[in-house]
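Right, one structure below, let's go through it.
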Amino acid sequence: MINKIAGSMEDAVADLHDGASIMISGFGEAGVPDELIEAVVAHGATDLTIISNNAGTGEHGIAALIRENRVRKVICSYPKMAAAHHFNARYQSGELELELVPQGNLACRIEAAGSGLGAVYTPTGYGTILAEGKETREIDGKQYVLEYPIHADFALIGAYAGDRWGNVVYRKAARNFGPIMAMAAKQSIVQVSRIVELGELDPETIVTPGIFVGKLVLGSPVNAGESA
Amino acid sequence: MINKIAGSMEDAVADLHDGASIMISGFGEAGVPDELIEAVVAHGATDLTIISNNAGTGEHGIAALIRENRVRKVICSYPKMAAAHHFNARYQSGELELELVPQGNLACRIEAAGSGLGAVYTPTGYGTILAEGKETREIDGKQYVLEYPIHADFALIGAYAGDRWGNVVYRKAARNFGPIMAMAAKQSIVQVSRIVELGELDPETIVTPGIFVGKLVLGSPVNAGESA
Amino acid sequence: MNQDKAVQRLSREDLARRVARDIPDGAYVNLGIGIPTTVANFLPADRETVLHSENGILGMGPAPAEDRIDWDLINAGKQPVTMLTGGCFFHHGDSFAMMRGGHIDICVLGAFQVSVRGDLANWHTGAPGAIPAVGGAMDLAIGAKQVFVMMDLFTKTGESKLVDHCTYPLTGLGCVSRLYTDHGVFELGPDGARVIELVEGLSIADLSRLTGLELAMAPADSPA
Amino acid sequence: MNQDKAVQRLSREDLARRVARDIPDGAYVNLGIGIPTTVANFLPADRETVLHSENGILGMGPAPAEDRIDWDLINAGKQPVTMLTGGCFFHHGDSFAMMRGGHIDICVLGAFQVSVRGDLANWHTGAPGAIPAVGGAMDLAIGAKQVFVMMDLFTKTGESKLVDHCTYPLTGLGCVSRLYTDHGVFELGPDGARVIELVEGLSIADLSRLTGLELAMAPADSPA
């Protein structure tokens, strides 16, 4: 029998290891798997590479991982946030490596990993300092930069509901990077606000099929004023 | 006001022109936009390039276009079908050009077109006669073939329901190539079994957002014994 | 650079109104973070404009009432928004496919500098020690069918932000098709900048002198 | 090649049963068109196996009753199927991402020829005048974590289909990890073929002679 449901946040992140690369979904507060990240802090794994759109703010989430000096490298599009003091301090002291990637290239490199492509030619970034040193090619009169897939050992994903096969649906703009990160990591761990019976999710509307999910764990209710 | 709904099949294909490249969704009978293809036959456009998984069977659909000598070239993965006599005759006489593409490469080349990538490295086909003459590259110890996007002037798509903004949902395995072809064509024309009021489709479960759809037209009821 | 009192510079609001006028009915539009976002306030009610937000929304509506805020429904600037009837959600891969694949009709962006050939610099001042952060800027710059930039034509210290060559780090090459400023509207392209509109009280000679660029009006049949 | 009456060749059904035994609980599996499809009939009821169909289905179930046929719910061989509780639909892009991206645990295919190093030929005889048709064969061959081939070991005219080098056009290079035949089961890899199981009445010497290959049994600790 397939049962991907972990009994606790601790169980959900039990396979983490030092040196792991970890994708973390979320854009703004939407879709950030807060409790899974807290569990990573508690787990103690260090020397991590974090792949996420942002690099954390305040004292929570990725910022807490950086504060605790668990992060070796961040691959992201937008680390500059109000209250990103932990990122700023470690980055400016040279303790933290940053690979800055345009957001759409971050998305398509994650997609390339998930779909087994070896590399893609993308137009984004051509002629800018973010493409410096990268291979380029003119195709049909347009200039492209060769970009390689971003794989990860783990993906931590915030979603809305899921079942024991690992099928998952999201809520509004909290979907963001979740579905594509789930495809690109060796083990995807999904925090949901509701666990439902198998068959309760409509087969037509499942967004992340269970094949892309390793573990599923019940987290806090939806991040919203309005009800779902 | 946005209203993508065409009044008739004839109106839906009115922009077709000689020499056009046309994607046609469907796998087996599922998702084949039969009435739109009939409208193309009636329209009279010729010298067409057809991009589809199959190349038609019997006297209908793509087979009818080939029979009427409207097709210059077929890009597909599987032209060999029972009753593909029209394809077979024109192919063997040399009147019809065939570009045979592995099904997954067909999918990812269509996706590359829809998502604005210049080319992709795919592992599929490496070392086979279908990759002969193509550029290859070893990436991370694995061999890949460079494949270019497949764009089209038009896509003809069979779907289940849609609204005046062009938002579309599909039914079961009739989804197949529809969503990715809708993204890769200059004008996507979608035949649906139901036209619904704007707002009737759940924003969480729309599969093809209206941005990818040029025209929508009411076709026949669902292709099923079982009710939807 | 408004020492000349006769020059009727556009206010921020009028500039947003001017940009909104050029957005046709049924257009799919991405409004960049900051000033471009205000264009939404001036889209005519008789047109249906579908706003794209790169975090996975089409059909984005205005800010909600305080008691209807939903932090799962935010725009690219992380501000709460609403959803119009007919809108939908999708993931980041599909969202940037819309952008990169040329499906968005118009993208409106702010800028530090724009070159006469349409190069854009709007993501990084290049100041030493600054935390670099690009977000979706480079994708927005090169993906849409048309890229509009709206900005003040001059910096606070009077330097022209429309330049021959950008000195700030580039966001995209030759990507801006039209520039809307408080002093006038420009068409940009491989052949350089041409002026489409000038605000009242400003001559093309003045504008050339103030910007240090050789500017000419676009021919009357230019698509304005 | 069953002149030798003592050789207890596996029937088609027993071969499908044998393959099914090696599919673990919870595996995501693609069963190729034709004979491999029959493996589904022998998957133990106490295991949950999730069948993938490349036309956009996970959780594919058996054929429906006549009066429940739905032509929008078919497998890759275009035969009507059903859907298990927990299954879902997706488009061709995602479906082949599952395959190409290494998300499918096991793919079971038929073959014209398989080489001792795991090269696969199963899409085209190369006969002049034949209509070439590849479908998903090349994607299935190279995408899954493990590729099993099931076939008769010999052609009707007695030639071994396990060969040193394929003479038919290739589907994929070095992609088959295990070969299930009516005469025995083989492990394939860069170092060549090793025999895991032989049917009763067949010696490794017989098998080497019949195939024309130098074959050896896998060491006992081999993962069988």
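Residue numbers (the working numbering), protein chains in the order written: chain A, 1 to 228; chain B, 1001 to 1228; chain C, 2001 to 2224; chain D, 3001 to 3224.
We put the beta carbon where it would ideally sit given N, CA and C, even for glycine.
If you're wondering where the values come from, they're calculated on a predicted model, not measured in any experiment.
*First through last residue of the beta strand (DSSP E) which encompasses residue 153 (chain A)*: 152-158
*State the CB to CB distance for the pair residue 1188 (chain B) and residue 1213 (chain B), rounded to an integer number of angstroms; the pair is presumed to be in contact (CB under 8 Å).*
5 Å
*Below 7 Å CB to CB, which residues in the same chain sit around residue 1060 (chain B) once its five sequence neighbours on both sides are set aside?*
1034
_Terminal residues of the beta strand (DSSP E) in which residue 3084 (chain D) lies_ = 3082-3089
*CB residue 2134 (chain C) to CB residue 101 (chain A), shorter than 9 Å?*
Cβ atoms of residue 2134 (chain C) and residue 101 (chain A): closer than 9 Å.
_chain A residues whose Cβ lies nearer than 7 Å to that of residue 2171 (chain C)_ = 128
*Taking 9 Å as the CB-CB limit, is residue 3092 (chain D) close to chain B?*
For residue 3092 (chain D), at least one C-beta of chain B is nearer than 9 Å to its own C-beta.
*Looking only at DSSP bridge pairs, what is residue 98 (chain A) linked to?*
A:74
*Answer with yes or no whether the minimum CB distance from residue 1078 (chain B) to chain A is below 9 Å.*
no
_If you measure between the beta carbons of residue 145 (chain A) and residue 134 (chain A), is that distance less than 9 Å?_
yes
*Is the beta carbon of residue 1023 (chain B) less than 9 Å from the beta carbon of residue 1185 (chain B)?*
yes
_For chain D, check one thing: does any of its Cβ atoms lie closer than 9 Å to the Cβ of residue 1191 (chain B)?_
no
_Distance check for residue 1170 (chain B) and residue 109 (chain A), CA to CA, integer angstroms please._
Distance from the CA of residue 109 (chain A) to the CA of residue 1170 (chain B), rounded to the nearest whole angstrom, comes to 28 Å.
*Own chain residues within Cβ distance below 6 Å of residue 3218 (chain D), not counting five before or after*: 3187, 3194 and 3196
*6 Å CB neighbourhood of residue 99 (chain A) in its chain, flanking five on each side removed*: Closer than 6 Å at the Cβ level, and outside the excluded window around residue 99 (chain A), lie 75.
*One or two residues paired with residue 1218 (chain B) in a DSSP bridge*: B:1192
*With 9 Å as the threshold, decide whether the Cβ of residue 2097 (chain C) is near any Cβ in chain B.*
Chain B contact via Cβ: present.
*Taking the DSSP output, what are the residues bridged to residue 3147 (chain D)?*
D:3107
*asked:* So, at 6 Å on beta carbons, what are the nonlocal neighbours of residue 3163 (chain D) in its own chain, with the 5 sequence-adjacent residues on each side left out?
replied: 3113 and 3115
*Contact the segment 3006-3013 of chain D vs the segment 3165-3175 of chain D: 3+ CB pairs below 8 Å*: Too few Cβ pairs lie closer than 8 Å, so no.
*Sorted by chain position, which residues of the same chain lie with C-beta nearer than 6 Å to residue 1083 (chain B)'s C-beta, five sequence neighbours on each side aside?*
1057 and 1058
_Backbone CA spacing between residue 179 (chain A) and residue 2091 (chain C) [nearest angstrom]_ = 7 Å
_Spatial distance of residue 3083 (chain D) from residue 1205 (chain B) (CA atoms)_ = CA-CA distance, residue 3083 (chain D) to residue 1205 (chain B), rounds to 19 Å.
*Separation of residue 1149 (chain B) from residue 139 (chain A), as counted between CA atoms*: Residue 139 (chain A) and residue 1149 (chain B) have their C-alpha atoms some 10 Å from each other.
*Given that residue 1147 (chain B) touches chain C, what residues does it touch there, using C-beta distances under 8 Å?*
Within chain C, no residue comes near residue 1147 (chain B); the closest Cβ sits about 17 Å away, beyond 8 Å.
_On a Cα-Cα basis, can you pick out the residue from C:2169, C:2075, C:2070 and C:2161 that is closest to residue 2127 (chain C)?_
C:2169
*Applying a beta-carbon distance threshold of less than 7 Å, which residues of chain A neighbour residue 2055 (chain C)?*
Chain A residues near residue 2055 (chain C): 27, 173 and 176.
*asked:* Against chain B, with Cβ distances strictly below 9 Å, would residue 3163 (chain D) count as a contact?
replied: no
*Please name the residues in the segment 3050-3074 of chain D whose beta-carbon is closer than 8 Å to at least one beta-carbon of chain A, in chain order.*
3050, 3052, 3058 and 3059
*In whole angstroms, what separates the C-alpha of residue 1017 (chain B) from that of residue 2056 (chain C)?*
35 Å
*If you measure beta-carbon to beta-carbon, which residues of the segment 30-48 of chain A are closer than 8 Å to chain C?*
30 and 31
*Kindly confirm or deny that the segment 25-39 of chain A and the segment 155-172 of chain A touch, where touching means at least three C-beta pairs closer than 8 Å.*
The answer is yes - the segment 155-172 of chain A touches the segment 25-39 of chain A, with three or more Cβ pairs under 8 Å.
*Name the chain B residues whose beta carbon is nearer than 9 Å to that of residue 123 (chain A)?*
1116, 1117 and 1118
*Which residues in the same chain have their Cβ closer than 6 Å to the Cβ of residue 166 (chain A), if we skip the five residues on either side of it in sequence?*
4, 210, 213 and 216
*residue 3027 (chain D): which of A:1, A:42 and A:104 sits nearest, CA to CA?*
If we check each option's Cα against that of residue 3027 (chain D), A:1 comes out closest.
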